[in-house]
Amino acid sequence: MICDHSVELGAIGSLASPVMISSGTFGVAKPYMELLRGQPVGAVVTKTITLNPKAGNPQPRIYEGPCYLINSIGLENQGVDRFVDFYNDEYGEIGFPVIVSISGNSVDEFVTIARKLNSIDGLLGLELNLSCPNVDGEGLAFGSVPERIGEVVKACGSCSRFPLIAKLSPFQAIDDSFALAAARAGAAAISLINTVPAMVLDIHRFRPATGALSGGMSGPAVKPIALKMIYEISRSVDIPVIGMGGIASGEDAIEFLMAGARAISIGTMNMVDPSLPGQIMGKIAGFMERHDIENLPEISRRFHL
Amino acid sequence: MTVSENCAVISNKSVSIDGNLITFSSEKIAHSALPGQFVEVSCSDGGMLLRRPFSVYDTTAESLSLFVKSVGRGTRWLGGLREGEKVNIIGPLGKGFSIDEGSRSLLIGGGCGVASLRLLSKAIVEAGGECDAIFGFRKREEIPETIVGDFSRTARRLTVTVDSGDYPVRGNVMDRLAEIEFDRYGRYYCCGPTAMLRALVPLLSLKTTEVSLEAKMACGLGVCYGCTINTDRGGKRVCYDGPVFTMKEVEWNDL
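Rendered as structure tokens:
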């Protein structure tokens, strides 16, 4: 039988493969691109771009535990203006559709970045990194209430010419209120989960084991947490959910698709093995073949209690 | 070109109290590795998530060798690899050393940092130059005799010193530098613990000095920014912009 491996992501359009590369783990650095070239990648998401350049957090930025990674990079990036130049110089040849991840300290910052990115042609979409801990208005941590998420999505939607993906942290995915707020405000898709806020202590030095107080946890250990959230939220919203969190194999990817993710994204493990998209697609194709599954959404339709 | 290669262990020898010299079969990586470049070795079969970065110690047409000092679970697992076992290696990676044809060079290495200087010493000699080397170790048991022996064939004068204990030459590399006219070299290359490199800064930062830095890396491929250090040109990735930097450009107070 002929299996269809493409995915429809609503307003974002169609991807040739359900495998995406997550924000923070993709870059156009030559050695990485040499390894990723030719892989069946549906879309890549850039590192998060902020309005102004960010130097990032002090070292150490990486802590590896059993089955998890904690990073405290601190969104090091060159700022949106230099990113636009860099994009025009370096992204032309990469061969994958590109989604730009953006983050701001306020609704205004999100809007300014989104406007500036309108000067780039052919982006697949913008992913709004909504996990920012900063305070903006009414003393509430930005991203801590669904209404604020809705405001950001709506404001960016009215000025960006690209479809928007709302990326939720696990704390914003504990119930469906944030996802529903994003969908009602016009988001084209939801992606989850971002890294899990986490910390590690260096007991010998009486201080955090990372340069910053805490970081974000990723890797295979977060996978079951992500699956549960994707299962719940994909049933609440009527826009596509892009699932991610610790995917390390084709079997993992199939679990996410079965739980309700329309597409899946790999992050941490893609850095360890850039040939993972090909391995995952091979497993998905074999699985579909074996179970007479014609298209990807059928994988989740077959799921039952 | 960076490639991913499944490499079989040809030999794995214990060469010091906590160090192994592991030789892997490799054609593609071995063929293109330049002095100062590194590889990322998969430790997934040993239960590790991330790869481990190592300087390329030496290459032949069909093999590459790494000096693996046991510092944690990943490196201990690598140290236990048996002949014929395969691991996936990505490389060559990073920006290596630059070489002046016919120059007189001084290599300064500390601990497992000596490993990154081996291909360099061969390249210097091949380019018609000559090099002397000063290597420091904490104690006698940490001296990898096989590796020191390899260097004795390319370095014109090789001095090995230990911080303390039973050994003819005692003291650190700074003590050895004080004994020679270290001004007479055209180029200086250093690799070792941060404390050693920092101590060398007042003596060597105004000279043509390159340092190879060690860093914890997540990707090793230039994408995650986990290994960024501060330089006089802003943040730079050790894995991509380095691991070799000029001593002058590094902000040593931030390391």
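Respectively, the protein sequence lines represent chains G and W.
Numbering-wise, the first sequence is residues 226 to 530 according to the numbering used here.
Numbering-wise, the second sequence is residues 622 to 876 according to the numbering used here.
Every residue, glycine too, gets a C-beta built ideally from N, C-alpha and C.
Subject >> Contact set between the segment 243-272 of chain G and chain W, restricted to residues whose Cβ is under 8 Å from the partner >> reply: G249, T250, F251, G252, A254, K255, P256, Y257, E259, L260, K272
Original post:
Who are the Cβ neighbours of G/G304 in its own chain at under 8 Å, not counting the five residues just before and after it?
Top reply: Here the question's residue 304 of chain G lines up with position 79 in the first sequence. Hits under 8 Å: I274, T275, L276, N277, P278, K279.
**OP:** Whole angstroms is fine: what's the gap from G/P422's alpha carbon to G/G441's?
**Re:** Here residue 422 of chain G is taken as the residue at index 197 of the first sequence, counted from 1. Here residue 441 of chain G is taken as the residue at index 216 of the first sequence, counted from 1. Going by the C-alpha atoms only, they are around 5 Å apart.
Original post:
If we cut at 7 Å on Cβ distances, does W/K716 have a partner in chain G?
Top reply: Counting from one through the second sequence, the residue named residue 716 of chain W turns up at place 95. It does not: the Cβ of W/K716 has no partner Cβ on chain G nearer than 7 Å.
**OP:** Determine the chain W residues that contact G/V336 at a beta-carbon separation under 7 Å, and present them in chain order.
**Re:** Looking up residue 336 of chain G in the first sequence gives position 111. Residues of chain W passing the Cβ test: none, with the nearest at roughly 26 Å.
Original post:
According to DSSP, what are the bridge partners of G/G468?
Top reply: For the purposes of this step, residue 468 of chain G is taken as the residue at position 243 of the first sequence. G/G468 pairs with G/L417, G/I489.
**OP:** Using a threshold of 7 Å, state whether the C-beta atoms of W/S676 and W/A736 are closer than that.
**Re:** As a position in the second sequence, residue 676 of chain W is number 55, starting the count at 1. As a position in the second sequence, residue 736 of chain W is number 115, starting the count at 1. Yes, these two residues count as a Cβ contact at 7 Å.
**OP:** Say whether chain G places a C-beta atom closer than 7 Å to the C-beta of W/M622.
**Re:** Translated into the one-based positions of the second sequence, residue 622 of chain W becomes position 1. So yes, W/M622 belongs to the interface.
Subject >> the segment 319-332 of chain G touching the segment 342-354 of chain G, judged by at least three CB pairs closer than 8 Å >> reply: yes
**OP:** Classify W/G770 as buried or exposed, calling it buried when 16 or more other Cβ atoms lie within 10 Å of its own Cβ.
**Re:** For the purposes of this step, residue 770 of chain W is taken as residue 149 along the second sequence, with counting starting at 1. It counts as exposed.
Subject >> Nonlocal neighbours in the same chain, by C-beta distance under 6 Å from W/I729, ignoring five residues either side >> reply: As a first step, residue 729 of chain W is located in the second sequence; it is residue number 108 there, counting from the start. Correct list, in chain order: I755, V794, C811.
Original post:
Are G/V332 and G/A380 touching if we call contact CB-CB under 7 Å?
Top reply: Residue numbering aside, residue 332 of chain G sits at position 107 when the first sequence is read from its first letter. Residue numbering aside, residue 380 of chain G sits at position 155 when the first sequence is read from its first letter. Result yes, Cβ atoms of G/V332 and G/A380 sit closer than 7 Å.
Original post:
Out of curiosity, what's the CA-to-CA distance linking W/G731 and G/R286?
Top reply: Counted from its first residue, the second sequence places residue 731 of chain W at position 110. Counted from its first residue, the first sequence places residue 286 of chain G at position 61. The straight-line gap from Cα to Cα measures roughly 25 Å.
Original post:
Mind checking if W/G863 is an interface residue toward chain G, Cβ cutoff 7 Å exclusive?
Top reply: Residue 863 of chain W sits at position 242 when you count from the first residue of the second sequence. Closer than 7 Å: no.
**OP:** Might you give, ordered along the chain, the residues of its own chain that have their beta carbon closer than 8 Å to the beta carbon of G/P499, omitting 5 neighbours on each side?
**Re:** By one-based count along the first sequence, residue 499 of chain G stands at place 274. Only Y257, L260, L261, Q264 meet the Cβ criterion.
**OP:** Buried or exposed for W/N874, please, with buried defined as at least 16 other CB atoms from any protein chain shown within 10 angstroms of its CB.
**Re:** Along the second sequence, read from residue 1 onward, the residue named residue 874 of chain W stands at position 253. Exposed.
Original post:
In its own chain, which residues sit with a C-beta less than 8 Å from the C-beta of G/V269, not counting the 5 before and 5 after it?
Top reply: Position 44 of the first sequence, counted from the start, is the residue given in the question as residue 269 of chain G. Excluding sequence neighbours, G/V269 sits near M245, I246, F251, I319, F321, P322, V323, I324.
**OP:** Report the residue ranges of all beta strand (DSSP E) runs contained in full by the segment 831-857 of chain W; include only those spanning at least 3 residues, in chain order.
**Re:** 849-852
Subject >> Buried versus exposed, by CB contacts within 10 Å (16 or more), W/D862 >> reply: By 1-based counting over the second sequence, the position of residue 862 of chain W is 241. By the 10 Å Cβ count, W/D862 comes out buried.
Original post:
Counting only runs that start and end within the segment 780-829 of chain W, where is the beta strand (DSSP E) found for 3 or more residues in a row?
Top reply: 808-812
**OP:** Kindly indicate which residue of G/V378, G/I227, G/G436, G/A478 has the alpha-carbon position closest to the one of G/I455.
**Re:** Residue 455 of chain G sits at position 230 when you count from the first residue of the first sequence. For G/I455, the nearest C-alpha among the options comes from G/A478.
Original post:
Is the distance from the Cβ of W/F758 to the Cβ of W/P656 below 7 Å?
Top reply: Within the second sequence, the letter at position 137 stands for residue 758 of chain W. Within the second sequence, the letter at position 35 stands for residue 656 of chain W. Contact: no.
Original post:
Relative to the alpha-carbon of G/I491, which residue among G/D310, G/I418, G/R409 has its alpha-carbon at the smallest distance?
Top reply: Within the first sequence, residue 491 of chain G is the residue found at index 266, counting from 1. Per the Cα distances, G/I418.
Original post:
Buried or exposed: W/R672, going by 16 or more other Cβ atoms within 10 Å of its Cβ?
Top reply: Position 51 of the second sequence, counted from the start, is the residue given in the question as residue 672 of chain W. The residue in question, W/R672, is buried, as its Cβ has 16 or more Cβ neighbours within 10 Å.
Original post:
Excluding the five sequence neighbours on either side, which residues of its own chain have a C-beta within less than 6 Å of the C-beta of G/G468, listed in chain order?
Top reply: Start at 1 with the first residue of the first sequence, and residue 468 of chain G comes out as number 243. So the list reads I455, F481, A486, I489, once near-sequence residues are dropped.
Original post:
Can we say the segment 770-787 of chain W touches the segment 693-707 of chain W, given the rule of at least three CB pairs closer than 8 Å?
Top reply: no
Subject >> is_contact[G/L294, chain W] using C-beta, thresh 7 Å >> reply: Within the first sequence, numbered from 1, the residue matching residue 294 of chain G stands at position 69. Yes, G/L294 lies at the interface with chain W (some Cβ there is under 7 Å from its Cβ).
Subject >> G/P433 in three-state terms, based on DSSP >> reply: Your numbering for residue 433 of chain G matches position 208 in the first sequence. Note: G/P433 maps to strand in three-state DSSP.
Original post:
G/S328: which of G/S443, G/L349, G/E476, G/V378 sits nearest, CA to CA?
Top reply: Locating residue 328 of chain G in the first sequence gives position 103, counting from the first residue. Of G/S443, G/L349, G/E476, G/V378, the residue nearest in Cα terms is G/V378.
Subject >> Segment limits, alpha helix (DSSP H) that includes G/A406 >> reply: Taking the first sequence and counting its residues from 1, one reaches residue 406 of chain G at position 181. Segment 402-409, the alpha helix (DSSP H) holding G/A406.
**OP:** Say whether the segment 700-719 of chain W touches the segment 624-640 of chain W, bearing in mind that this needs 3 or more beta-carbon pairs closer than 8 Å, one atom from each stretch.
**Re:** yes
Original post:
Exposed or buried, what is W/F645 when buried is set at 16 or more other beta-carbons lying within 10 Å of its beta-carbon?
Top reply: Translated into positions along the second sequence, residue 645 of chain W becomes position 24. By the neighbour-count rule (16 or more Cβ atoms within 10 Å), W/F645 is buried.
**OP:** Mind checking which residues open and close the alpha helix (DSSP H) that includes G/K453?
**Re:** Taking the first sequence and counting its residues from 1, one reaches residue 453 of chain G at position 228. Counting along the chain, the alpha helix (DSSP H) containing G/K453 begins and ends at 448-461.
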